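**Student:** Just passing along the structure, written as structure tokens.
Numbering (this note's numbering), first residue to last: 475 to 797.
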């Protein structure tokens with residue numbers, strides 16, 4: 475970056491000898507300068523806080539995901555001061571509610587995730603367009619990563635209570651590169667067009683479901699996993715690759731390793747008969763012990779030509795060299 479252009483970037487440092495002690499403080503200042511791209515460098519350490527990004531053109535970067543940890547412990551079954559439950563969408567550790575946001579080399583953890591009875595515990599709540607998450611670790615149990623927007627309507631009244639419940643439902647593109655994401659039930663869920671490249675998805679603690687897409691009707695792409703690893707130290711044939719949070723869910727897995735914990739039928743319909751014709755679940759050239767067996771009859775095996783439709787370029791993502 476040349477010096478003239480570099481002067482047009484707001485550069486802040488958190489932790490160590492930096493000018494800010496918390497990520498929240500640095501973001502609060504960055505939000506006063508929304509017209510200037512902001513790069514916030516986070517020194518190694520554990521940051522017990524709940525950062526929120528409400529402006530675009532922000533980059534948060536750690537030095538190493540193993541040593542730069544943002545952690546908090548809110549959970550869905552927590553009782554709020556008014557006597558109600560916190561619910562899924564207020565349980566997040568980090569909120570991104572903006573476009574053109576980059577997260578690099580960070581761990582984002584919901585520490586309540588593995589606790590019995592905690593319910594849903596979001597680590598990262600990501601809603602916006604052109605969100606890139608690179609070399610990060612997202613840690614929780616149920617509902618680890620929410621890829622907004624929310625579906626058009628809730629099934630249970632009050633079920634969407636949270637930071638973006640009143641937002642227009644605008645689809646965004648999200649790119650996850652070389653990330654580690656772990657969880658139990660529906661630990662990647664939401665409506666975004668999301669591309670996962672070279673990621674490790676680990677099922678932990680107990681059998682469950684890796685994904686629960688809620689792709690809107692008519693949206694061409696939902697979740698795409700390319701060259702990923704689905705692993706888990708769990709009993710054989712106990713974890714589904716996905717189930718439809720809404721009837722038009724789309725999830726495609728290409729050239730990925732499926733561990734023996736993956737159920738041979740791969741997908742579950744969540745007892746939604748309409749999902750058999752409305753959803754789109756597909757595989758292409760996956761391998762490993764979980765790749766064997768016969769998938770449910772309403773799932774698809776892509777041809778070579780069909781698989782060519784699931785590239786970053788076709789999906790509207792930037793080339794990796796541009797990230």
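Think of the CB as a built atom: it goes at the ideal place given N, C-alpha and C, for glycine as much as any other residue.
For clarity, every value in this text was computed on a predicted model and none was experimentally measured.
Could you check which residue in 607, 603, 744 and 550 has the C-alpha nearest to that of residue 571?
**Tutor:** Residue 571 sits at position 97 when you count from the first residue of the chain shown. Comparing Cα-Cα distances from residue 571 to each of 607, 603, 744 and 550, the minimum goes to 603.
**Student:** From what residue to what residue does the beta strand (DSSP E) around residue 646 run?
**Tutor:** Taking the chain shown and counting its residues from 1, one reaches residue 646 at position 172. Neither: residue 646 is in no beta strand (DSSP E) and is coded neither H nor E.
**Student:** Report the residue ranges of all beta strand (DSSP E) runs contained in full by the stretch 579–658; include only those spanning at least 3 residues, in chain order.
**Tutor:** Complete beta strand (DSSP E) runs here, min 3: 581–584, 598–601, 605–608, 611–613, 619–621, 647–651 and 654–657.
**Student:** Quick check on this structure: which residue in 780, 770, 729 and 744 has the alpha carbon closest to the alpha carbon of residue 760?
**Tutor:** Taking the first residue of the chain shown as 1, we reach residue 760 at position 286. When each option's Cα is compared against that of residue 760, the closest is 729.
**Student:** By a C-beta neighbour count over all protein chains shown, 10 Å radius and 16 as the cutoff for buried, is residue 660 buried or exposed?
**Tutor:** Here residue 660 is taken as the residue at index 186 of the chain shown, counted from 1. By the neighbour-count rule (16 or more Cβ atoms within 10 Å), residue 660 is buried.
**Student:** Quick one: complete beta strand (DSSP E) runs, 3+ long, within the stretch 717–744?
**Tutor:** Listed in chain order, the complete beta strand (DSSP E) runs (minimum 3 residues) inside the stretch 717–744 are 724–728.
**Student:** At what residues does the beta strand (DSSP E) containing residue 519 begin and finish?
**Tutor:** The count along the chain shown starts at 1 and reaches residue 519 at position 45. From DSSP, the beta strand (DSSP E) with residue 519 extends over 519–522.
**Student:** Is residue 621 closer than 9 Å to residue 657 when the C-beta atoms are compared?
**Tutor:** Counted from its first residue, the chain shown places residue 657 at position 183. Counted from its first residue, the chain shown places residue 621 at position 147. In this structure, residue 621 does not lie closer than 9 Å to residue 657 by Cβ.
**Student:** Can residue 580 and residue 536 be called in contact, C-beta distance under 9 Å?
**Tutor:** Taking the first residue of the chain shown as position 1, residue 580 is located at position 106. Taking the first residue of the chain shown as position 1, residue 536 is located at position 62. Yes.
**Student:** Hey, how far is the Cα of residue 533 from the Cα of residue 520?
**Tutor:** Residue 533 sits at position 59 when you count from the first residue of the chain shown. Residue 520 sits at position 46 when you count from the first residue of the chain shown. Rounded to whole angstroms, residue 533 to residue 520 spans 19 Å at the Cα level.
**Student:** When you compare the CB positions of residue 758 and residue 732, do they come within less than 9 Å of one another, or not?
**Tutor:** Counted from its first residue, the chain shown places residue 758 at position 284. Counted from its first residue, the chain shown places residue 732 at position 258. Contact: no.
**Student:** The beta strand (DSSP E) with residue 484 in it runs from where to where?
**Tutor:** Here residue 484 refers to the residue found at position 10 of the chain shown. Note, residue 484: beta strand (DSSP E), 484–488.
**Student:** If distances are taken between C-alpha atoms only, which option among 655, 652, 632 and 627 comes closest to residue 642?
**Tutor:** To locate residue 642, count along the chain shown from 1; it is residue 168. When each option's Cα is compared against that of residue 642, the closest is 627.
**Student:** Among residues of its own chain, excluding the 5 on either side of residue 560, which ones have a beta-carbon nearer than 8 Å to its beta-carbon?
**Tutor:** Looking up residue 560 in the chain shown gives position 86. Counting only Cβ-Cβ distances below 8 Å, and skipping sequence neighbours, we find 548, 549, 550, 551, 552, 553 and 554.
**Student:** For residue 576, does the three-state DSSP call read helix, strand or coil?
**Tutor:** Translated into the one-based positions of the chain shown, residue 576 becomes position 102. Residue state, collapsed to three classes: strand.
**Student:** Helix, strand or coil, according to DSSP, for residue 536 in the structure here?
**Tutor:** Locating residue 536 in the chain shown gives position 62, counting from the first residue. DSSP places residue 536 in strand when its eight states are reduced to three.
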